[in-house]
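For reference, the structure discussed in these notes is given below.
Protein chains: 4
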Amino acid sequence: MTELAAVKAALKTQAVETPSWAYGNSGTRFKVFAQQGVPRDPREKLDDAAKVHEFTGVAPTVALHIPWDTVDDYAALARHAEDRGLRLGTINSNTFQDDDYRLGSVCHPDAAVRRKAVDHLLECVDIMDATGSKALKLWFADGTNYPGQDDVRARQDRLAEALAEVYGRLGADQRMLLEYKLFEPAFYATDVPDWGTAYAHCLKLGPKARVVVDTGHHAPGTNIEFIVATLLREGKLGGFDFNSRFYADDDLMAGAADPFQLFRIMYEVVRGGGFTADVAFMLDQCHNVESKIPAIIRSVMNVQEATAKALLVDRSALADAQRAGDVLGANAVLMDAFDTDVRPLLREVREEMGLDADPMAAYARSGWAEKIVAERVGGEQAGWGA
Amino acid sequence: MTELAAVKAALKTQAVETPSWAYGNSGTRFKVFAQQGVPRDPREKLDDAAKVHEFTGVAPTVALHIPWDTVDDYAALARHAEDRGLRLGTINSNTFQDDDYRLGSVCHPDAAVRRKAVDHLLECVDIMDATGSKALKLWFADGTNYPGQDDVRARQDRLAEALAEVYGRLGADQRMLLEYKLFEPAFYATDVPDWGTAYAHCLKLGPKARVVVDTGHHAPGTNIEFIVATLLREGKLGGFDFNSRFYADDDLMAGAADPFQLFRIMYEVVRGGGFTADVAFMLDQCHNVESKIPAIIRSVMNVQEATAKALLVDRSALADAQRAGDVLGANAVLMDAFDTDVRPLLREVREEMGLDADPMAAYARSGWAEKIVAERVGGEQAGWGA
Amino acid sequence: MTELAAVKAALKTQAVETPSWAYGNSGTRFKVFAQQGVPRDPREKLDDAAKVHEFTGVAPTVALHIPWDTVDDYAALARHAEDRGLRLGTINSNTFQDDDYRLGSVCHPDAAVRRKAVDHLLECVDIMDATGSKALKLWFADGTNYPGQDDVRARQDRLAEALAEVYGRLGADQRMLLEYKLFEPAFYATDVPDWGTAYAHCLKLGPKARVVVDTGHHAPGTNIEFIVATLLREGKLGGFDFNSRFYADDDLMAGAADPFQLFRIMYEVVRGGGFTADVAFMLDQCHNVESKIPAIIRSVMNVQEATAKALLVDRSALADAQRAGDVLGANAVLMDAFDTDVRPLLREVREEMGLDADPMAAYARSGWAEKIVAERVGGEQAGWGA
Amino acid sequence: MTELAAVKAALKTQAVETPSWAYGNSGTRFKVFAQQGVPRDPREKLDDAAKVHEFTGVAPTVALHIPWDTVDDYAALARHAEDRGLRLGTINSNTFQDDDYRLGSVCHPDAAVRRKAVDHLLECVDIMDATGSKALKLWFADGTNYPGQDDVRARQDRLAEALAEVYGRLGADQRMLLEYKLFEPAFYATDVPDWGTAYAHCLKLGPKARVVVDTGHHAPGTNIEFIVATLLREGKLGGFDFNSRFYADDDLMAGAADPFQLFRIMYEVVRGGGFTADVAFMLDQCHNVESKIPAIIRSVMNVQEATAKALLVDRSALADAQRAGDVLGANAVLMDAFDTDVRPLLREVREEMGLDADPMAAYARSGWAEKIVAERVGGEQAGWGA
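So this is what it looks like as structure tokens:
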């Protein structure tokens, strides 16, 4: 197989998981701008996700968020997905929207609240059993707003205890993805604020626990690809929540704010052997002002373009320049891949996959946008319920 | 008058404006945790604000937010305030919560939306006429989330045009306070992102337009007291929205995150002659996890403590050390004031004002918290309506 | 002229000024790594700069730094430049390396130090007269390291006074470019920390005073292209000091850290009518670990590529999408230009200019690097003298 | 023993290590301002350090930096220290100032350079044997300036190998302190950029390896006290390099930029049982514009004041409020300690230790400053040699 053929083959196997909640309404604390045609239940979210997969060919799974996607019959929901060419993906827990969680969930000073939170996490594993999902993604909003509000260290003990119980409940082929986030909604100390904390917990839990990197969850100036390389080296990278940001956790479309950064991240993934099913490529975004389905298609395409560029890096030439200490030469090898316009290549890949070369245009022509606006009238639109 | 007597006298005249919305529910995009006893209308907010003034003695005015505090009869609302020893303060406009404002208000590409936004601002001046408020505070959420989304420069032209129309409507003793904010809810480019932009607009508008500094609206590492000193030197400091932050616009209690910074800000205010009615000391905070009225009392006290320390700086010794190039000596003079425990002094000030020396304890003993929980049952609690 | 022809024509007229000091040794406070072949005097720096212009065709002027480039006969130095196809460009002052400047220069508490600093600035204008340079670039390291160290506001008064005197000395066709910088070497308060401060001073000085934007001098998260658009709208953008940064004022090669940002900046330049001789495109970089001449060639090429992409934006389609409120469509128009591989276009441009299509390869083949290593033996290499 | 007596007793046993290099000249890449009277050799540095200990009573050890403090006879140097009431402390390695280290030291792509670096580290352990120092502090400037410059992951392998060899050489009672730093002098990727990386390496090395926290080495917004609490919980906190910063690694006097942060850090130390000889309290500062010895005395005092406040926290009341979920109450307990003026307490402590109550004044009166200016004439002043 030629090198280019190998790149194409890799791109055809890539899978980007889209999040059910990105199809619903979202916003900031100032305002949620509702959009017409937004899904009103998990099935309609899957219907939209199916369109993303139909036109991109690389978005075969959908992450669920419990309780936003709670249904009575998960097996039926899984069949609804399968009927549309999709599978249900990662189960995302929610321990931040019940009034009981004002001061935290698994780190709360009150054991009863912790119990409730852990029970919810265990229920999420039950749902995994029902849906066939292989991964439980844990993001904890836990933290404190004021110095002294709670005992920062004791909260770590409580966190460890909760994680251990949930870890023990995982099936043989299930795993736990632990997410970290610098701040928001906690404004003084977040209980899992950085990759080091998530890593330390995962290390103690065991091989089924891995760290997930949300690209919007870091302090300014953090070199995210370094973290990716390090976690891969440690065998502890579970996956990504892709999105982009200029300031905080802006949750913009992946690749929109700093496409060069996304490329560097994907390069470390490729270099570190992470371009396998073992590392999950997920989106976690909010389309507050732009149309949701096209925004998700565009995001998937942005991830593909970054991946294509990363795969095109001439690693042999790069290694030579690096070994020789040729700073400019090595940098030039990397930039050469980044500066390449990979859109023609991706159009070819899509055509070889039997897809339209231009997913955005194909979606626009499909009439789906008009159809959902016309048909999804009445009922309550899906959202975060914040 | 001795120096200490002068400090006490100054502290007795200080006025900190509290915001009506801080008495209502607030939260993050993830969750608004409702609290018991929260006001259900503007009158109840004033009732709570009256308690803050009753126990601190230095919070005589309350900022209103339109439309959150819209009433049929503003004169009656003003009387409600007066009956409780309060006055209505700054009128805050809202051009970010109507569906029309998804892509901006006064900077929106559509002239019809801009017209609607300007009409709202003009209506706010009408309300000022009715309430006797002297200041219109303008914060624009306007901005864009994606590069290219709109023409950044054209938006400035639209902004200038809108501001000019509103400025022209101001009465002789009314003024316009223009607020800037780095980001949120806009995530790529905010239309008034920094003091320089606000200053440039105010300069063109004229003497009634001034810049307001929200202490949570800056990029990391920004020296806020430098901005305060500069705006005072330019005669363009309109006032403050005090709150504190560790990360972004966290809206925590003033003085909670970095009391030394608040002291340095107050020192530049004192040094620059800004400790007069001309510069408005306002709070703009969100008490998401803590009890609201005590949090506001505490914030007012924190502002007082920072002010007391700033007033205690031995400016003559400081000037001597500065002139001599004595870096450590000059720093020590400033730190000496900061390191002083001013709580005893403030207890004295309060007692001389006929107040309880300990506002937090006095409020706790007053039974107000229990009373509002018991009485404010039913109805819809006030909040941001996001 | 077709659109592409117009783009090419614009690219051929672009002029990027390279800084004499970038050809000399530089480093961090931890270490200056000397490189072989580095110039030992201003003439040798010009010899190297001539190579950059020879191979890129768009680097016809060289900025001087006084006293690093002090010579007895500036007319002779100008002839040396002309003989190599160059002109002497901006004169950069230095008020930070004399022991007297420990506590500042034009803002120093001691009037004698201020006098010395102003005299140096006036001498720089004398040098401009001698060299024919049209612009005086002022960067002040002035600031304080500790709160209280000096009177922040009084320092502004001193600054204003110094600037006014120097402004008064400018000839009819000379101008003053005032640079701002967040921090370093001052660590508490810098006297010209942001564009607002520089703008306020320039406004008072008059039309010959303009703000210069160093792309590495901002707080994290600052939207630089917004500042560019705003200064252009105000008629106060003097030019750029290009370089790139991941953290602070890293002074890496332009376009190396965030090529998308450089493109966005150049787009606002193009959109705002700043792509004229009126706005100076300068580099200000430190090549601490990489070879200097190739690094400068590469930087010039990076600026060209960003410019080419900016010129390729379909502004009519963009305006249509913006007017329509089509967030994704407008963003896509911008991204379409950024995603384009403009290297083939630039190769054509160079060939049409009679240059080698690949400046890096042509320089490598030229033997200049080997020649200067062999010939520049003995003497003292140029550097910052810190 | 009463509670206050216990606090005093603890304060009397505190030991703050001062760094030999802080007594010498330092600066930024722009300028090193030499000061009169600065030491010219390690013995004179110890002479100055002895004054700091003489007047504060809590600075009994001095950190050495190799090769800045290289001497022929370390036993003699140790005796020189002992004669002045001091002991030699941590040995700090230097793998960043040799020309060979342009592209790194222990992470360099060239095995010969790595060998040289490791040999230097092993030599440092030899020096520890000679001086009786118990800790080797490793800070690596290693990193890259440009994406692609070197293989980020391979550099981790090289780092691990180097650390393992040095670890193996440590004596039974010696330990290794691994420091992390976000950036500078590397500007793209630093090889030990954060606590997570340092922790992961220390974990693999074994119990003698611990992480050292330099308070100036973090991204903006990082909650340092969280890291302190976490490392203590993991048994991996080796100690501190105290200093303060507004922007980057400013290396200002400890406690000068954010005294509240220093207090919060010290509170987590106290709470986590780290207030023992096991956790080293070291200074790592640069006194670029202020007098060095008084700056160090002041820094030691600032650490003492933060410690005193941390010890005064009413932990029982704090725990009660935390358990009750009383956000404001818990915060108030912490703030109550911070707001306390502990200077009178520390004056008492000093008098009980037989010291002058005011170290700054006592040093000023001692005549030492005048003496060293008069006597230390000729020779080369100590500095970083950058």
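As they're listed, the protein sequences go chains A, B, C and D. With the working numbering, letter number 249 in the first sequence gets 264, and the count goes up by one each step, no holes. With the working numbering, letter number 175 in the second sequence gets 190, and the count goes up by one each step, no holes. With the working numbering, letter number 323 in the third sequence gets 338, and the count goes up by one each step, no holes. With the working numbering, letter number 18 in the fourth sequence gets 33, and the count goes up by one each step, no holes. Each residue gets a CB set at the ideal place from its N, CA and C atoms; glycine is no exception. Predicted, not measured: the structure shown is a model, and the values here were computed from it.
Specify the secondary structure class of A:Asn346 as computed by DSSP and reduced to three states.
helix
7 Å Cβ shell around C:Asp354 - same chain, five flanking residues per side excluded
none
Which class does B:Gly254 belong to by DSSP, given the choice of helix, strand or coil?
strand
Look at the alpha carbon of B:Ala352 and the alpha carbon of D:Ala126, and state the distance between them as a whole number of angstroms.
Roughly 56 Å separates the two Cα atoms.
Looking at A:Ala49 and A:Arg99, is the spacing between their C-beta atoms short of 7 Å?
no
With DSSP collapsed to three states, give me the class of A:Glu180.
DSSP, read as helix, strand or coil, puts A:Glu180 in helix.
Please list the terminal residues of the continuous alpha helix (DSSP H) segment that includes C:Ala379.
Pro374 to Ser381
Sequence ranges, beta strand (DSSP E) only - wholly within the segment 79–111 of chain D, length at least 3:
102–107
Quick one, which residues of the segment 271–298 of chain D are near chain B if we go by CB-CB under 9 Å, in chain order?
Ala271, Ala272, Asp273, Pro274, Phe275 and Gln276
Could you name the residues of chain D that B:Ser306 contacts, counting a contact when the two beta carbons are closer than 7 Å?
In chain order: Leu343.
Hey, would you say C:Pro34 sits closer than 7 Å to C:Leu298, going by beta carbons?
yes
Short of 8 Å in beta carbon distance, which residues of its chain neighbour C:Val133, apart from the five on each side in sequence? Order them along the chain.
The answer, listed in chain order, is Val121, Ala177, Glu180 and Val181.
So, does the CB of B:Asn160 fall closer than 7 Å to a CB anywhere in chain A?
yes
Using a Cβ-Cβ distance cut-off of 7 Å, determine whether A:Asp115 contacts chain C.
no
Please report the distance separating the alpha-carbon of C:Arg338 from that of B:Arg129.
13 Å
Return the CA-CA distance between C:Tyr233 and B:Gly163, expressed in angstroms with no decimal places.
Position check: residue 233 of chain C holds His in this sequence, whereas Tyr was assumed. Going by the C-alpha atoms only, they are around 22 Å apart.
Completely contained alpha helix (DSSP H) runs for the segment 183–224 of chain C, where each covers 4 or more residues
210–220
Are D:Tyr38 and D:Lys60 closer than 7 Å when you measure CB to CB?
yes
Buried or exposed, going by whether 16 or more other CB atoms sit within 10 Å of the CB of C:Thr17?
exposed
Residues in the same chain with beta-carbon distance under 8 Å from C:Lys223, minus the five sequence neighbours each way, listed in chain order, please.
Tyr182, Leu185, Gln189, Arg190 and Met191
Please name the residue or residues paired with C:Leu298 in a DSSP beta bridge.
Answer by DSSP bridge pairing, in chain order: C:Phe257.
Residues in the same chain with beta-carbon distance under 7 Å from B:Gly221, minus the five sequence neighbours each way, listed in chain order, please.
Tyr182
Beta strand (DSSP E) containing A:Val315: first to last residue?
In the DSSP assignment, A:Val315 falls outside any beta strand (DSSP E) and lies within the alpha helix (DSSP H) extending over Lys307 to Leu327.
C:Ala78 and C:Asn109 - do their beta-carbons sit closer together than 7 Å?
No, the Cβ-Cβ distance between C:Asn109 and C:Ala78 is not below 7 Å.
Residue(s) in a DSSP beta bridge with C:Thr33:
C:Val77
At which residues does the beta strand (DSSP E) containing A:Leu151 begin and terminate?
Ala150 to Leu153
Consider the Cβ of B:Ala64: report whether some Cβ of chain A lies at a distance smaller than 7 Å.
no
Tell me B:Leu267's beta-bridge partners as DSSP assigns them.
B:Ser259
Cβ of C:Tyr262 less than 7 Å from any chain A Cβ?
yes
So what does DSSP say about B:Val284, is it helix, strand or coil?
helix
Could you tell me the distance, in whole angstroms, from the CA atom of D:Asp172 to the CA atom of A:Asp329?
Inter-residue distance for D:Asp172 and A:Asp329 is about 22 Å (C-alpha atoms, whole angstroms).
For C:Val73, count the other beta carbons within 10 Å of its own beta carbon; 16 or more makes it buried, fewer makes it exposed. Which is it?
buried
Using only the alpha-carbon positions, how far apart do B:Leu136 and B:Glu199 sit?
CA-to-CA, the gap between B:Leu136 and B:Glu199 works out to about 21 Å.
Under a three-way DSSP split, which group does C:Val140 fall into?
helix
Interface flag, D:Pro208 vs chain B, CB-CB below 7 Å:
no
Are the CB atoms of D:Ala269 and D:Asn238 within a distance shorter than 7 Å?
Going by C-beta atoms, D:Asn238 is not nearer than 7 Å to D:Ala269.
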